[in-house]
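Read through the structure below, which is laid out as structure tokens, and then see the notes.
In our numbering, the protein residues as written are 149 to 679.
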């Protein structure tokens, strides 16, 4: 406390130099963070599970798909038992996350969910385990025990709210072929970016299909219609309900169609005949021409436009989603001019990040205005609230230095910690400024008043902040259990409070003194004007 009093007296005497040093510290820290501190929406780590999505070529039946997935199960089962509690496999369903309400279905799709043991019981985090699984899968593929046709997508299931992938490019337009061409450009470029993996697109090829083109002139001459042709083809291959059989309370439909072996034979198409309006049979081949083409596995639409997606994961230790999306925006800034009628949107985590940060900034600004109005009504002054709130930006200095010291990026949760820190900083400075106003009535000089208030409030302010920080340390360092989702918030709040507390004990008295200097100068100017 004696050291603090001597330091405070020196700072008050050299108050303008002190304020300049503090402002320079604030500006230099912001500049340093812009150069060295990256931003991620939610940092990785602390994964609760691993999701492995599998995909075989279109047309693969369930049994063949199951046989391929068994190989992936064997790889997952080779992990140490102290790391994996259970493995849940679904064949024919591809999930984006364990609670996906609208999963993709298909006989060629599959999902494996690895439920991990708690963090404290295993030596590796989920990201390290995922890298290990990816390497084991590559070794198995090289050894021939894993099908080369099986596509694998690995994802860590982390705590917190569900969110999109770090890279999610939405391509909107009319023609699927053009969407695929644009998607191929993005995928080719993403393969050259360090730290990007699991690159995929939902514009995958569908099954081979036969498309019939009706010769309308010949159909009219044969006295038949496009509708009748379509109905006949559907009845032959999909079947039509001819009758119904009742067994008790059950009603069973009797469907008539070609036998299975006939529906698998291309020559069957030539045997299909259409009944025209006069009751005569017209061969299908006489009014149509067919061609074999690649179909569509899935057609997604957004606002009545077809949309395709290019998705990818990133390694947070190498790059960030912000950096990768910035590279994509720069690389493909002319994509919409090269493909008129097609638009690009960077969705997923990037879209959620922009929306969340925008909402957070609006709420933070609203909170600042509200705090100022409350303080202005409390002090009956428009200047004193500015003194009270001046310590808020300096809390950010402590947050930035703490994140850099712990080798963590700036994230949404750490920014949320800064917003939460605002209330505590205002509370400490409010009490300090009010105590200064009360002590000034004792008749001491302003310098002695500020030194006296600092000495009297030093211990209560330090103890109050220390108890808060000590309560956050278990969360920050995972003592007794780790939660990677809230850890950045606790880290930002705790270390920001430490720095802001010491800054408050020096900055507020100096700033109070400077404001009084300005008031005295204004009064002197007004007095000279009046005289």
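Beta carbons: idealized from backbone N, C-alpha and C, even for Gly.
Query - Assumed close pair residue 520, residue 541 - CB separation to whole angstroms, cut-off 8 angstroms - result: In the chain shown, counting from the first residue as 1, residue 520 sits at position 372. In the chain shown, counting from the first residue as 1, residue 541 sits at position 393. Contact doesn't hold; Cβ gap of about 14 angstroms is too wide.
Query raised in the report: For the alpha helix (DSSP H) that residue 485 lies in, which residues bound it at each end?
Result: Along the chain shown, one-based indexing puts residue 485 at 337. Residue range 483-486 is occupied by the alpha helix (DSSP H) that includes residue 485.
Query raised in the report: When burial is assigned at 16 or more other CB atoms within 10 Å of the CB, is residue 494 buried or exposed?
Result: What you label residue 494 is simply residue 346 of the chain shown in a count that begins at 1. It counts as buried.
Query raised in the report: Assuming residue 312 contacts residue 496 under a Cβ cut-off of 8 angstroms, what Cβ separation, rounded to an integer in Å, is found between them?
Result: Indexing the chain shown from 1 puts residue 312 at position 164. Indexing the chain shown from 1 puts residue 496 at position 348. Their Cβ separation, rounded to whole angstroms, is 3 angstroms, which keeps residue 312 and residue 496 in contact under 8 angstroms.
Requested in this report: Report yes or no: do the stretch 322-338 and the stretch 500-515 share at least 3 C-beta pairs separated by less than 8 angstroms?
Outcome: Taking a contact to require three or more Cβ pairs closer than 8 angstroms, the stretch 322-338 and the stretch 500-515 do not qualify as touching.
Query raised in the report: With 16 as the cutoff for other CB atoms within 10 Å, does residue 575 come out buried or exposed?
Result: For the purposes of this step, residue 575 is identified with residue 427 of the chain shown, where counting begins at 1. Taking a 10 Å sphere around the C-beta of residue 575, we find fewer than 16 other C-beta atoms and assign the residue as exposed.
Query raised in the report: beta strand (DSSP E) containing residue 360: first to last residue?
Result: Residue 360 sits at position 212 when you count from the first residue of the chain shown. That run of the beta strand (DSSP E) goes 353-362.
Query raised in the report: Which same chain residues, not among the five before or five after residue 347, have their C-beta less than 6 angstroms away from its C-beta?
Result: Residue numbering aside, residue 347 sits at position 199 when the chain shown is read from its first letter. Cβ within range, chain order: 335, 338 and 460.
Query raised in the report: Along the chain, where does the beta strand (DSSP E) that runs through residue 238 open and close?
Result: Numbered from 1 along the chain shown, position 90 holds the residue referred to as residue 238. From DSSP, the beta strand (DSSP E) with residue 238 extends over 232-242.
Query - Selected residue, minimal CA-CA separation from residue 326, among 262, 456 and 643 - result: Working through the chain shown from its first residue, we reach residue 326 at position 178. Nearest C-alpha to residue 326: 456.
Query raised in the report: Is the stretch 410-430 close to the stretch 459-475, with three or more CB pairs under 8 angstroms?
Result: Here the stretch 410-430 does not lie against the stretch 459-475, with fewer than 3 beta-carbon pairs under 8 angstroms apart.
Query - For residue 660, three-class secondary structure by DSSP - result: Position 512 of the chain shown, counted from the start, is the residue given in the question as residue 660. It is helical.
Query raised in the report: Residues bridged to residue 423 by DSSP?
Result: Sequence index remark: in the chain shown, residue 423 carries index 275 (1-based). DSSP output for residue 423 lists 429 as bridge partner(s).
Query - Cβ-Cβ distance between residue 355 and residue 206 below 7 angstroms - result: Residue numbering aside, residue 355 sits at position 207 when the chain shown is read from its first letter. Residue numbering aside, residue 206 sits at position 58 when the chain shown is read from its first letter. Taking 7 angstroms as the Cβ cut-off, residue 355 and residue 206 qualify as a contacting pair.
Query raised in the report: Hey, how far is the Cα of residue 305 from the Cα of residue 153?
Result: Here the question's residue 305 lines up with position 157 in the chain shown. Here the question's residue 153 lines up with position 5 in the chain shown. The straight-line gap from Cα to Cα measures roughly 52 angstroms.
**Report entry** Option in 182, 172, 186 and 155 with minimal Cα separation from residue 468
**Finding:** Locating residue 468 in the chain shown gives position 320, where the first residue counts as 1. For the set 182, 172, 186 and 155, the Cα lying nearest the Cα of residue 468 is the one of 186.
Report task. Sort 636, 673, 605 and 483 by Cα distance to residue 149 and report the nearest one. Result -> Numbered from its first residue, the chain shown carries residue 149 at position 1. Of the listed residues, the one whose Cα sits closest to residue 149 is 605.
Query raised in the report: Is residue 258 near residue 209, with beta carbons less than 7 angstroms apart?
Result: Walking along the chain shown from the start, residue 258 turns up at place 110. Walking along the chain shown from the start, residue 209 turns up at place 61. The answer is no: Cβ separation not under 7 angstroms.
Requested in this report: May I have a chain-ordered list of the alpha helix (DSSP H) segments no shorter than 4 residues that lie completely inside the stretch 467-533?
Outcome: Runs found: 469-479, 483-486 and 497-527.
Query - Residue nearest to residue 608 in terms of C-alpha spacing, selected from 597, 583 and 425 - result: Within the chain shown, numbered from 1, the residue matching residue 608 stands at position 460. The residue with the shortest Cα to Cα distance from residue 608 is 583.
Report task. Write down the C-beta distance between residue 566 and residue 544 rounded to the nearest angstrom, noting that I regard them as a contact closer than 8 angstroms. Result -> Against the chain shown, residue 566 aligns to sequence position 418. Against the chain shown, residue 544 aligns to sequence position 396. A Cβ-Cβ separation of about 6 angstroms places residue 566 in contact with residue 544 under the 8 angstroms criterion.
**Report entry** Opposing strand residues paired with residue 460 [DSSP bridges]
**Finding:** If you number the chain shown from 1, residue 460 lands on position 312. Beta-bridge annotation (DSSP): residue 460 is paired with 315.
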